[in-house]
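Here the structure is laid out as structure tokens; the discussion comes afterwards.
In the UniProt record's numbering, the protein residues as written are 1 to 81.
As structure tokens, this is what we get:
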């Protein structure tokens with residue numbers, strides 16, 4: 001039986017997350033904080049391209065959460081004007 005790496009290659013998924021983060025104008029600090037990942041871990045993920053499935057999932061959900069918060073905030077302040 002061949003051993004697999006503990007953190008599989010997630011380069012494609014991390015690239016898509018980075019592209020979406022940049023398009024939405026989210027800082028990497030904000031994304032790491034929302035995903036409950038330390039900045040050092042986030043930098044390592046970006047640099048080496050290896051991450052656990054749970055880390056990738058946390059980053060995806062963090063982007064969705066930030067996006068939803070911004071949309072809700074814009075809707076709330078838009079309704080007040």
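Note that CB positions come from ideal geometry on N, CA and C, so glycine has one too. Computed from a prediction, not measured in an experiment: that's the story for all the values here.
Proximity winner among 52, 66, 38 and 71, relative to residue 22 (alpha-carbon distances)
Selected option, being the one with the closest Cα: 66.
Looking only at its own chain, which residues have a Cβ that is under 8 Å from the Cβ of residue 18, when we skip the five neighbours before and after it?
Excluding sequence neighbours, residue 18 sits near 46.
Could you pull the start and end residues of the alpha helix (DSSP H) that residue 17 belongs to?
Run containing residue 17: 11-24, per the alpha helix (DSSP H) assignment.
Residue 2 lies in the alpha helix (DSSP H); which residues open and close that run?
Per DSSP, residue 2 belongs to no alpha helix (DSSP H) and is neither H nor E.
Give me the Cβ distance between residue 8 and residue 60, rounded to the nearest whole Å; I'm assuming they're in contact under 8 Å.
Going by Cβ atoms, the distance from residue 8 to residue 60 rounds to 16 Å, so no, they are not a contact pair.
I think residue 29 touches residue 14, with their Cβ atoms under 8 Å apart; what is that distance to the nearest whole Å?
Residue 29 to residue 14, Cβ: 17 Å. No contact.
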